[in-house]
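Every position in the sequence shown, counted from 1, becomes a number in this note's numbering once 1333 is added. Glycine included, C-beta positions come from ideal geometry on N, C-alpha and C. Being a predicted model, the structure only gives us computed values, none of them experimental. This report refers to the structure that appears directly beneath it.
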Amino acid sequence: MLTIDILTIFPGMFSPILNASILKRAQDNKKVCIRIHDLRDYTLDKHRKVDDRPFGGGPGMVLMPEPIFKAVKKIKGRRKVRVLMTCPGGITFHQRMAKRWAQEKNILIICGHYEGVDERVRQKLVDTSVSIGDYVLTGGELPAMILVDAIVRLVPGVLGKEESLYDESFEQGRLEYPHYTRPADFQGLKVPRILLSGHHRQIQQWRARQAETRTRRQRPDLL
Ligand code: 6GU
């Protein structure tokens, strides 16, 4: 079973996401164990202080190294753990990484915050800093949930046949073809006739062409 530990200053943000849909089912079925850890539980003072002003001046606060070092040591124990940190300056998350990390036994995600995290955390504790894209968010919690979602659905046995992986976007180096369901005519908008024909080969060819066209138009960088 894959174990994912998440270290955060906002532990309450996670439960609605982790306790719904496929992530919930994956945990119920013992495909993955996800544990949330409050960084403040590892603070050393009575104010449970996790951040301080940056040396050298400037705006914002920086997460201090002590509580994070203490937490990571405790959480890891004697296990071998891949340590990720969410950070806008990290390498951009990609399906390939999700696939690789879905093979791990133990993952720890440190949620970055404020202006940043003391650089010694990255130096000594972090294997990979990950961003989810070129825009700035208020914190690393949403990115951590995105990593978890993308990774967990790739763990063997998490998705059923119905939710098959093969045809989806990025798997074949292109975007997915368009989908239709009933009704065949919705307010005059008709489903392409080929899809109603029952000619499986021709349908396959049509879908491949659609995927190609769509990728060329929306994401030529993938081709
Ligand atoms: Cl990982 N963190 C924050 N704060 N902002 C981001 C991000 C991460 N990835 C994209 N924007």
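For a quick check, are the C-beta atoms of Val1488 and Leu1335 less than 8 Å apart? yes
Residues of its chain near Pro1400, where Cβ-Cβ distance is below 8 Å and the 5 sequence neighbours each way are ignored: Once the five neighbours on either side are set aside, the close Cβ partners of Pro1400 are Leu1372, Arg1373, Tyr1375, Thr1376, Leu1377, Val1383.
Three-state secondary structure (DSSP) at Leu1556? coil
Can you tell me whether DSSP reads Gly1449 as helix, strand or coil? strand
Residues sharing a beta bridge with Lys1523, DSSP: Asp1518
Determine the contact status of Ile1442 and Thr1419, defining contact as a CB-CB distance below 8 Å. yes
State the Cα-Cα distance for the pair Thr1546 and Pro1516, rounded to the nearest angstrom. 25 Å
Below 8 Å, how does it come out for the segment 1468-1477 and the segment 1443-1451: are there three or more Cβ pairs, yes or no? Touching, yes.
Per DSSP, what are the beta-bridge partners of Val1414 in this structure? For Val1414, which the question treats as bridged, DSSP gives no partner whatsoever.
Contact defined as beta carbons within less than 8 Å: I believe Glu1448 pairs with Pro1387. What is the distance between those atoms, to the nearest angstrom? 6 Å
Work out the CA separation of Gly1531 and Gln1543 for me, nearest whole Å. 18 Å
Alpha-carbon to alpha-carbon, Ile1342 and Gly1393: Distance between Gly1393 and Ile1342, taken at the CA atoms: about 16 Å.
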